[in-house]
Amino acid sequence: MLVVSLADLQKDEDQAYRKIRLRTEDVQGKNVLTNFWGMDFTTDKLRSLVRKWQTLIEAHVDVKTTDSYTLGIFCIGFTKKLSNQPVILDVPDGVDIIDWVAGFANSNKVCITVVGGFGKVSLAALSRLKSPAPPLLYIEHLTLINLSGTYQFSTLAEGSPTFINALLGRLNGAVIGGAASRMVVMGKVGLSAYVFQNPKIITIKTEFH
């Protein structure tokens, strides 16, 4: 069995990634009579085709025709790449970020996980999680430092609780934070988020001693 590059056989460097397998049928002095026995790609070529979160699928079958010819059929394919990269969602001026996130999830029937944000807001209602106290309302220019939260689309009248943990900077240099139930965009805000379809929610029970 001989393995040679198609580039050497056809004197074409563009075909260097194809490896041809030839089976020796007969040897006559310095000449070797061969028959095609298969084809493969080089490792570098396969790595360039298959990206992260994809699976390579290969198939090979020999088919015999009615006139006694044998055809070797090769197939190579890839699964659809998983969407595992965050996207940037632009929230327009004057819009409440919390309502916008819920509306985006419901209209697209997806789960959205916010992992960051940039821009400014003119109003923020912040409270401590599970605190009975009413939220504190800040009506001033605030800079987004960090945002995090998840909204799960639901076929029920209401989805998951809508709030985003926010860390905001004030003009005097102070930093405030909490669970935001309202945040009104000033100018434009960009949200870094992951968007999922049909996510599986796992609840982990913990015990405190």
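According to UniProt numbering, the sequence shown is numbered sequentially starting from 1.
C-beta atoms are modelled at their ideal positions from N, C-alpha and C, and glycine is treated no differently.
- Taking a C-beta distance under 8 Å as the contact criterion, residue 117 and residue 189 qualify as a contact pair.
- The residue from 10, 166 and 195 with its alpha-carbon nearest to that of residue 105 is 195.
- A check of alpha carbon separations from residue 138 across 149, 128 and 176 identifies 176 as the nearest.
- The segment 56-73 makes no contact with the segment 23-32: fewer than 3 CB pairs, one atom from each, lie closer than 8 Å.
- Within the segment 7-91, the complete beta strand (DSSP E) segments at least 3 residues long are 18-28, 31-41, 56-64 and 70-78, listed from N- to C-terminus.
- 8 Å or more divides the Cβ of residue 144 from the Cβ of residue 115.
- Close CB contacts of residue 75 within its chain, under the 6 Å cut and outside five residues either way in sequence, are with 59 (chain order).
- If you look at residue 103, you'll find it in the alpha helix (DSSP H) that goes 97-108.
- With a contact defined as Cβ atoms closer than 8 Å, residue 183 and residue 97 qualify at about 4 Å.
- Non-local beta-carbon contacts of residue 33 in its own chain, meaning distances under 6 Å to residues more than five positions away in sequence, involve 25 and 26 in chain order.
- For residue 146, the uninterrupted beta strand (DSSP E) segment begins and ends at 136-152.
- Taking a C-beta distance under 8 Å as the contact criterion, residue 128 and residue 173 do not qualify as a contact pair.
- Residue pairing by DSSP places residue 120 opposite 143 and 186 in a beta bridge.
- The residue from 68, 136, 16 and 8 with its alpha-carbon nearest to that of residue 44 is 16.
- When secondary structure is reduced to three states using DSSP, residue 133 falls in the coil class, being assigned neither helix nor strand.
- For the pair residue 14 and residue 197, the Cα-to-Cα distance works out to about 41 Å.
- C-alpha of residue 71 to C-alpha of residue 39: approximately 12 Å in a straight line.
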